[in-house]
Amino acid sequence: MPELPEVEVTRMGVEQALLGATIEAVRMGKPLRWPLQVAPQRLVGQRIQSVQRRGKYMLLQLSQGVLLVHLGMSGSVRCATEVGEAGVHDHFDLFTTRGVLRLTDPRRFGAVVYAPHMDHPRVQQLLGHLGVEPLGDAFDAAYLHAALRGRSGSIKQVLLAGQVVVGVGNIYVSESLFRAGIHPLRQARRVARPRLERLVQAIREVLQRAIVLGGSSLRDFKGTQGGYGDFQHEALVYGRAGLPCVHCATPIRRVVQGQRSTFYCVRCQT
DNA sequence: CACGGATCCTGATGGC
DNA sequence: TGCCATCAGGATCCGT
């Protein structure tokens, strides 16, 4: 589920709720994708000094280390002063002086990983290969042009892989390519420069709009206050197979690339 | 090194 | 109602 907008919405909520709080207790449920890498007790007494984001990771800077939180496909984080009894899908709780952070993740593709500092090899392992931030200054057509040179894979899959640009997941990649008029099956290196300009703009606008709307809630994503995101109502192609294209009325097509659905308009996207 | 495919896990949904 | 197949926001690992 969570792509960059959902993680950013989560990050802002956690920052609002728990910045400056001190961890008092930790509860862990079933194992997530990767081990925490530290005895939970070592988190106790540490203060949450900042809440940042890198790609789809949320980074909690603690007094003596960093906590990397990934929401996987089905994760969401709730912040509250009180939470009830942990349910079967609640796999990580941080009890702090300002309230509780609870990670709920039915499929358990998410992760919470601790490292003593940002230069630690584990952090490098998880974040080191990531591409540029799509909302940052480094992401422009010149960069994309250079980064896509020699890439024979489809533009959709190259963007999704996260090594060129991060945070653009399965929903927003379809939405961005539609807005840029680029066919998702086109080889990445064959996207002409003017199209790359449009693509950069489209990715930025789609992600920013999704953040404003609180992300997309296809089924289980919720913000830290428990509310749903609304971007899915503005999706122009994602999940709209067979429905008319908003520009030309041609039925939207669904294809599968790398076991993931892609939605596009055969007429508007070339 | 870049690529495509299999894989982790659980729940929702739709067809019969 | 039950059963089975299919699909779901991600990212890593493993061959080629």
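Quick note: the first sequence uses the numbering used here, first residue 34, plus one each step. Even for Gly, the Cβ is constructed at its ideal location relative to N, Cα and C.
Query, Result
"Could you give the DSSP three-state label for A171: helix, strand or coil?", "coil"
"Under 8 Å: do the stretch 174 to 182 and the stretch 220 to 230 share three or more Cβ pairs, one atom per stretch?", "yes"
"Mind checking which residues open and close the alpha helix (DSSP H) that includes F211?", "203 to 213"
"Return the Cβ separation of R237 and P167 in integer angstroms, given the expectation that the two are a contact with Cβ distance under 8 Å.", "6 Å"
"Assign A58 to one of two classes, buried (16 or more other C-beta atoms within 10 Å of its C-beta) or exposed (fewer than that).", "exposed"
"By a C-beta neighbour count over all protein chains shown, 10 Å radius and 16 as the cutoff for buried, is L276 buried or exposed?", "exposed"
"Is the CB-CB distance between I215 and L232 below 9 Å?", "yes"
"Would you mind reading off the limits of the alpha helix (DSSP H) that contains E238?", "226 to 245"
"What is the DSSP secondary structure of F264, reduced to helix, strand or coil?", "helix"
"Determine the DSSP secondary structure at H178, reduced to helix, strand or coil.", "helix"
"Looking at the structure shown, is Q292 part of a helix, part of a strand, or coil, going by DSSP?", "coil"
"What are the boundary residues of the alpha helix (DSSP H) that M45 is part of?", "37 to 51"
"Per the DSSP calculation, A148 is bridged to which residue(s)?", "V99"
"Put L193 into one of helix, strand or coil per three-state DSSP.", "helix"
"So A15 and G62 are supposed to be a Cβ contact under 8 Å. How far apart are they, rounded?", "Outside the shown range of the chain (34 to 303) lies residue 15, about which nothing can therefore be said."
"For A113, does the three-state DSSP call read helix, strand or coil?", "strand"
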